[in-house]
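**Student:** Starting off with a structure, shown below.
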Amino acid sequence: MNYIGIDIGSTCAKLAVLDEEGRTVLQSVQPTGWSSVDVAKSIKEKLLSAGICIEKSRCVATGYGRISVPYAEKTVTEITCHARGAVWIHEMRDGAVIDIGGQDTKIIRLEDGRVKDFLMNDKCSAGTGRFLEVMAATMGLGPDEICELARQGGDTTISSMCTVFAESEVISLIGRGEKKENIAFAVVESIVDKVVSQSSRLHVEDEEVCLTGGLCECAYLKETLSKKLRCQVKADSNGRFAGAIGAALMGMKGR
Amino acid sequence: MEIIKELPEVFEEFAEQRKNSFLAVKKLKDQGVPVVGAYCTYFPQEIAMAAGAATVGLCSTSDETIPVAEKDLPKNLCPLIKSSYGFAKTDKCPFFYFSDVVVGETTCDGKKKMYEYMAEFKDVFIMELPNTQSEEALKLWKSEILRFKEYLEEKFQVEITDEKLKEAVKLQNAYRTSLKGLYEVMKHDPAPITGYDLFKVLYGSTFKFDKGAIPGEIDALVEKIKKEYAQGKMQEKKPRILLTGCPVGGATEKVIRAVEENGGIVVAFENCTGAKSIDRLVEEEAADLYDAIARRYLQIGCSVMTPDASRLELLGRLLEEYQADGVVEMTLQACHTYNVESLSIRRFVNGKKKIPYISVETDYSQQDIGQLNTRIAAFIEML
Ligand code: SF4
Ligand code: SF4
Numbered sequence: 109m110n111y112i113g114i115d116i117g118s119t120c121a122k123l124a125v126l127d128e129e130g131r132t133v134l135q136s137v138q139p140t141g142w143s144s145v146d147v148a149k150s151i152k153e154k155l156l157s158a159g160i161c162i163e164k165s166r167c168v169a170t171g172y173g174r175i176s177v178p179y180a181e182k183t184v185t186e187i188t189c190h191a192r193g194a195v196w197i198h199e200m201r202d203g204a205v206i207d208i209g210g211q212d213t214k215i216i217r218l219e220d221g222r223v224k225d226f227l228m229n230d231k232c233s234a235g236t237g238r239f240l241e242v243m244a245a246t247m248g249l250g251p252d253e254i255c256e257l258a259r260q261g262g263d264t265t266i267s268s269m270c271t272v273f274a275e276s277e278v279i280s281l282i283g284r285g286e287k288k289e290n291i292a293f294a295v296v297e298s299i300v301d302k303v304v305s306q307s308s309r310l311h312v313e314d315e316e317v318c319l320t321g322g323l324c325e326c327a328y329l330k331e332t333l334s335k336k337l338r339c340q341v342k343a344d345s346n347g348r349f350a351g352a353i354g355a356a357l358m359g360m361k362g363r
Numbered sequence: 216m217e218i219i220k221e222l223p224e225v226f227e228e229f230a231e232q233r234k235n236s237f238l239a240v241k242k243l244k245d246q247g248v249p250v251v252g253a254y255c256t257y258f259p260q261e262i263a264m265a266a267g268a269a270t271v272g273l274c275s276t277s278d279e280t281i282p283v284a285e286k287d288l289p290k291n292l293c294p295l296i297k298s299s300y301g302f303a304k305t306d307k308c309p310f311f312y313f314s315d316v317v318v319g320e321t322t323c324d325g326k327k328k329m330y331e332y333m334a335e336f337k338d339v340f341i342m343e344l345p346n347t348q349s350e351e352a353l354k355l356w357k358s359e360i361l362r363f364k365e366y367l368e369e370k371f372q373v374e375i376t377d378e379k380l381k382e383a384v385k386l387q388n389a390y391r392t393s394l395k396g397l398y399e400v401m402k403h404d405p406a407p408i409t410g411y412d413l414f415k416v417l418y419g420s421t422f423k424f425d426k427g428a429i430p431g432e433i434d435a436l437v438e439k440i441k442k443e444y445a446q447g448k449m450q451e452k453k454p455r456i457l458l459t460g461c462p463v464g465g466a467t468e469k470v471i472r473a474v475e476e477n478g479g480i481v482v483a484f485e486n487c488t489g490a491k492s493i494d495r496l497v498e499e500e501a502a503d504l505y506d507a508i509a510r511r512y513l514q515i516g517c518s519v520m521t522p523d524a525s526r527l528e529l530l531g532r533l534l535e536e537y538q539a540d541g542v543v544e545m546t547l548q549a550c551h552t553y554n555v556e557s558l559s560i561r562r563f564v565n566g567k568k569k570i571p572y573i574s575v576e577t578d579y580s581q582q583d584i585g586q587l588n589t590r591i592a593a594f595i596e597m598l
């Protein structure tokens with residue numbers, strides 16, 4: 109029996125398949141695109157071509173498009189799934205999970221491996237992957253590039269939290285001839301500051317913290333976050349699959 | 216005094232349901248019964264009832280008239296205030312339209328300033344509600360209640376005698392007792408009915424004019440629920456949620472649905488649709504009924520009071536009596552008093568009562584249903 113976890117986020121759809129022993133059988137990520145129904149279909153094809161029989165597996169869907177997966181037996185929210193996935197990836201029981209997603213940021217407090225409390229920012233894109241993407245695009249860079257460039261910069265700030273205003277600030281910084289790395293630095297600072305201020309509402313300080321979601325491979329972002337939270341933020345290349353892995357584990361638990 | 220009997224000019228444009236509500240109030244008006252409209256749980260119903268008037272709640276709960284309201288009022292104002300003002304201004308609410316006087320209290324800042332504009336096109340009577348619950352405050356509140364009594368006597372050319380007042384007190388107490396009997400069925404675990412069904416009855420009762428008939432109807436309903444429960448008709452066992460915060464109704468019923476469609480059940484309403492407005496009785500045998508009425512109402516625990524110990528008292532009591540597994544607080548956008556108070560509610564619920572708590576901020580639109588579902592579902596998964 110296989111356990112299929114599907115996490116349809118606002119930007120990317122992630123798939124994780126585990127076997128009975130909890131070993132990874134398959135992982136994949138693709139853009140969500142316009143329709144979560146279409147992406148669910150394409151994931152189904154992917155499973156079939158990998159020889160994974162959906163009927164003989166347990167499939168759990170999560171993420172904002174979780175209701176668009178007709179072949180899932182169950183839906184579970186991304187909060188619960190991210191927490192479970194992070195617990196599994198990092199073998200942690202207590203602490204906090206910070207998930208910087210495409211359109212929202214979630215801060216989850218764990219206690220004994222379970223969700224104890226959480227906060228979700230989904231009303232505005234400050235402090236999310238979208239913010240980084242928009243700013244990177246304005247500067248003609250990719251999200252990963254802007255992160256790495258930021259490491260060499262300093263001394264510049266963006267004061268607007270709103271993506272639209274921040275974008276025009278970036279444009280005027282470019283116009284003023286500010287160095288690219290300094291602008292990149294300001295962008296990353298802005299995201300991290302926003303995430304840190306959200307975290308402080310759940311009192312995430314001096315704790316075990318792990319980062320999940322699409323940005324967890326940006327080393328510089330992770331380092332900045334560690335510095336500002338005064339702790340060693342953990343991240344893993346599996347981090348972007350935390351939600352999907354968590355969903356697969358939910359299927360295993362409910363066996 | 217001439218009481219309002221004509222239908223509004225826009226009447227023909229309304230859908231069937233709204234037309235029917237207009238006609239229902241018109242019938243009452245044709246019988247010569249004056250109507251007093253109110254916006255708040257602090258409104259001392261008994262005084263208006265003793266004056267022979269029907270009372271009705273006017274808080275509006277749909278975003279239909281918000282754009283009209285925003286011509287006069289700021290955008291970042293609580294939707295309840297904007298919607299209410301909008302309905303008033305457009306003659307679209309039958310209850311407002313047929314109210315001979317509208318009573319407002321000096322509760323939150325947005326509401327009391329809105330009344331100033333409402334008074335430009337309607338008779339508005341403002342009662343000065345203190346923002347503390349001290350003995351001094353009680354004196355002021357009692358004198359306001361007496362001033363309101365004199366106002367009604369003058370306006371409707373009636374005398375509010377002690378007998379009439381006592382009768383009104385008894386009627387209103389019986390009304391409260393029956394509704395309390397209804398919501399108390401939710402003490403059972405598993406619950407006999409859904410929170411949404413309970414809510415519909417509680418909310419619906421506030422729009423019934425024949426107050427005297429309510430206890431009979433509700434008691435019969437309670438009997439039926441109890442009998443069926445004994446025969447095994449009940450809800451599944453689910454995480455039990457207490458709902459607190461701003462008033463719920465109309466557009467914000469989405470919060471009740473989000474709880475109940477995601478695996479939970481609302482077993483208690485601490486807000487103005489539920490226990491906050493029903494919980495306490497007026498002392499019927501008091502020597503001074505005005506004093507008893509003033510005390511009963513001033514004790515209501517709403518975030519417009521500082522400090523707001525009564526709210527914590529009621530909340531604590533409900534949490535125990537209804538064995539709540541979690542607390543969901545709904546606040547409306549730009550409602551400062553409830554939004555600020557949510558921290559002390561969280562501290563009380565998490566810290567003192569050791570029960571999980573979540574607050575969700577929303578408005579009268581339906582755009583955030585997805586987010587509401589995710590938040591509330593995750594909260595319920597966590598219990
Ligand atoms: S929430 Fe407070 S101000 Fe609003 S109706 Fe209830 S008692 Fe009145
Ligand atoms: S919900 Fe808050 S802001 Fe709105 S009317 Fe009630 S107390 Fe005032």
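Chains A and B are the protein sequences, given in the same order. Residues in the first sequence are numbered consecutively from 109, following the numbering used here. Residues in the second sequence are numbered consecutively from 216, following the numbering used here. Backbone N, C-alpha and C define an ideal beta-carbon position, used for all residues, glycine too.
With a threshold of 7 Å (Cβ to nearest heavy atom), would B/T577 be considered close to ligand 1?
**Tutor:** As a working mapping, residue 577 of chain B is identified with position 362 in the second sequence. The answer is no for B/T577.
**Student:** Going along chain B in order, which residues have a C-beta closer than 8 Å to the C-beta of A/E289?
**Tutor:** On the first sequence, residue 289 of chain A is found 181 positions in, with the first residue counted as 1. Chain B residues near A/E289: none, gap ~36 Å exceeds 8 Å.
**Student:** Could you name the residues of the same chain whose beta carbon sits closer than 8 Å to that of B/K234, not counting the 5 residues immediately before and after it, in chain order?
**Tutor:** Against the second sequence, residue 234 of chain B aligns to sequence position 19. Closer than 8 Å at Cβ, skipping near neighbours: F226.
**Student:** Let me make sure I understand the geometry here. Which of A/R166, A/H198, A/S176 has the alpha-carbon closest to that of A/R348?
**Tutor:** As a first step, residue 348 of chain A must be located in the first sequence, where it is residue number 240. The residue with the shortest Cα to Cα distance from A/R348 is A/H198.
**Student:** Chain E beta carbons: is any one of them nearer than 8 Å to that of B/R472?
**Tutor:** No chain E appears in this structure, whose protein chains are A and B.
**Student:** Give a yes or no on whether the minimum CB-CB distance between A/M228 and chain B is below 8 Å.
**Tutor:** The residue labelled residue 228 of chain A in the question sits at position 120 within the first sequence. Cβ-Cβ to chain B under 8 Å: yes for A/M228.
**Student:** Rounded to whole angstroms, what is the Cα-Cα separation between B/A549 and B/D578?
**Tutor:** Numbered from 1 along the second sequence, position 334 holds the residue referred to as residue 549 of chain B. Numbered from 1 along the second sequence, position 363 holds the residue referred to as residue 578 of chain B. In a straight line, the C-alpha of B/A549 is about 9 Å away from that of B/D578.
**Student:** Pull up the DSSP beta-bridge partners for B/I433, would you.
**Tutor:** Counting from 1 along the second sequence, the entry for residue 433 of chain B is found at position 218. DSSP lists no partner for B/I433.
**Student:** Can you pull out the residues from the segment 162 to 191 of chain A whose beta carbon lies closer than 8 Å to at least one beta carbon of chain B?
**Tutor:** Answer in chain order: Y172, V184, T185, E186, I187, T188.
**Student:** Quick one: grab the DSSP three-state call for B/F422.
**Tutor:** By one-based count along the second sequence, residue 422 of chain B stands at place 207. In the structure shown, B/F422 sits in coil (DSSP, three-state: anything other than H, G, I, E or B).
**Student:** For the candidate residues B/K290, B/D503, B/L355, whose alpha-carbon lies nearest to that of B/L344?
**Tutor:** The residue you call residue 344 of chain B lines up with position 129 of the second sequence. Ranking the options by Cα distance to B/L344, first place goes to B/L355.
**Student:** State the CB to CB distance for the pair B/A473 and A/T185, rounded to an integer number of angstroms; the pair is presumed to be in contact (CB under 8 Å).
**Tutor:** Along the second sequence, read from residue 1 onward, the residue named residue 473 of chain B stands at position 258. Along the first sequence, read from residue 1 onward, the residue named residue 185 of chain A stands at position 77. Contact flag wrong, Cβ pair sits at about 12 Å.
**Student:** What I want to know is whether the C-beta of B/C162 ends up closer than 7 Å to one or more non-hydrogen atoms of ligand 2.
**Tutor:** No answer is possible for residue 162 of chain B: the residues shown for chain B start at 216 and end at 598.
**Student:** In chain A, which residues lie less than 9 Å from B/G410 when you measure between Cβ atoms?
**Tutor:** As a position in the second sequence, residue 410 of chain B is number 195, starting the count at 1. By Cβ distance, chain A contributes nothing, its closest Cβ being about 20 Å from B/G410, past 9 Å.
**Student:** Which residues of the segment 283 to 313 of chain A have a Cβ closer than 9 Å to any Cβ of chain B? Give them in chain order.
**Tutor:** So the list is empty, because no residue satisfies the distance condition.
**Student:** With DSSP as the reference, please indicate the residues paired to A/N229 in a beta bridge.
**Tutor:** Sequence index remark: in the first sequence, residue 229 of chain A carries index 121 (1-based). Answer is A/T213, bridged to A/N229.
**Student:** With DSSP run on the structure shown, which of helix, strand or coil describes B/V248?
**Tutor:** Within the second sequence, numbered from 1, the residue matching residue 248 of chain B stands at position 33. Looking at B/V248 - three-state DSSP - the assignment turns out to be coil, as it is neither helix nor strand.
**Student:** For A/V223, go through chain B and note every residue whose CB falls closer than 8 Å to its CB, in chain order.
**Tutor:** Taking the first sequence and counting its residues from 1, the one referred to as residue 223 of chain A is at position 115. Within chain B, the residues near A/V223 are A593, E596, M597.
**Student:** Hey, A/V278 and A/M247: beta-carbon distance below 8 Å or not?
**Tutor:** Against the first sequence, residue 278 of chain A aligns to sequence position 170. Against the first sequence, residue 247 of chain A aligns to sequence position 139. In this structure, A/M247 lies closer than 8 Å to A/V278 by Cβ.
**Student:** Hey, is B/R590's beta-carbon within less than 8 Å of any beta-carbon in chain A?
**Tutor:** Here residue 590 of chain B refers to the residue found at position 375 when the second sequence is read from its first residue. At least one chain A Cβ lies under 8 Å of B/R590.
**Student:** Would you call A/K330 buried or exposed, if buried means 16 or more other Cβ atoms sit within 10 Å of its Cβ?
**Tutor:** Position 222 of the first sequence, counting from 1, holds the residue named residue 330 of chain A. Result: buried.
**Student:** For B/Q514, which three-state DSSP category applies?
**Tutor:** Here residue 514 of chain B is taken as the residue at index 299 of the second sequence, counted from 1. Three-state result, B/Q514: coil.
**Student:** Indicate the three-state DSSP secondary structure (helix, strand or coil) for B/Y330 in the structure shown.
**Tutor:** Working through the second sequence from its first residue, we reach residue 330 of chain B at position 115. Helix, per DSSP.
**Student:** Compare the C-beta of B/I566 against all C-beta atoms of chain A and say whether one is closer than 8 Å.
**Tutor:** Walking along the second sequence from the start, residue 566 of chain B turns up at place 351. With the sequence shown as reference, residue 566 of chain B is identified as Gly, and Ile is not the correct amino acid for it. No, B/G566 lies away from the interface with chain A (no Cβ there is under 8 Å from its Cβ).
**Student:** Starting from the beta carbon of B/G247, find every residue of chain A whose beta carbon is closer than 9 Å, and list them in chain order.
**Tutor:** One-based indexing of the second sequence puts residue 247 of chain B at position 32. Those within 9 Å of B/G247 in chain A number zero; the least Cβ separation is about 51 Å.
**Student:** From B/I570 to B/V542, what does the alpha carbon distance come to, in whole angstroms?
**Tutor:** Here residue 570 of chain B is taken as the residue at index 355 of the second sequence, counted from 1. Here residue 542 of chain B is taken as the residue at index 327 of the second sequence, counted from 1. Approximately 7 Å, taken between the alpha carbons.
**Student:** Starting from A/G283, follow the beta strand (DSSP E) in both directions and report where the run begins and ends.
**Tutor:** One-based indexing of the first sequence puts residue 283 of chain A at position 175. From DSSP, A/G283 is part of no beta strand (DSSP E) but of the alpha helix (DSSP H) over 271 to 283.
**Student:** Decide if A/T132 is buried, meaning its Cβ has at least 16 other Cβ atoms within 10 Å, or exposed.
**Tutor:** Residue 132 of chain A sits at position 24 when you count from the first residue of the first sequence. Looking at its Cβ environment, which holds fewer than 16 other Cβ atoms inside 10 Å, A/T132 is exposed.
**Student:** Using 7 Å as the cut-off, classify the Cβ of B/G272 as near or not near the heavy atoms of ligand 2, replying yes or no.
**Tutor:** Counted from its first residue, the second sequence places residue 272 of chain B at position 57. No; taking the cut-off as 7 Å, the Cβ of B/G272 has no heavy atom of ligand 2 nearer than that.
**Student:** Does ligand 2 have even one heavy atom less than 7 Å from the beta-carbon of B/Y257?
**Tutor:** Mapped onto the second sequence, residue 257 of chain B falls at position 42. Flag unset: Cβ of B/Y257 not near ligand 2.
**Student:** Is B/Y444 close to ligand 2? I mean its beta-carbon at under 7 Å from any heavy atom of the ligand.
**Tutor:** Here residue 444 of chain B refers to the residue found at position 229 when the second sequence is read from its first residue. No - ligand 2 has no heavy atom lying nearer than 7 Å to the Cβ of B/Y444.
**Student:** In whole angstroms, what is the alpha-carbon distance linking B/E261 and B/R362?
**Tutor:** For this step, residue 261 of chain B is matched to residue 46 along the second sequence. For this step, residue 362 of chain B is matched to residue 147 along the second sequence. Cα to Cα, B/E261 sits roughly 14 Å from B/R362.
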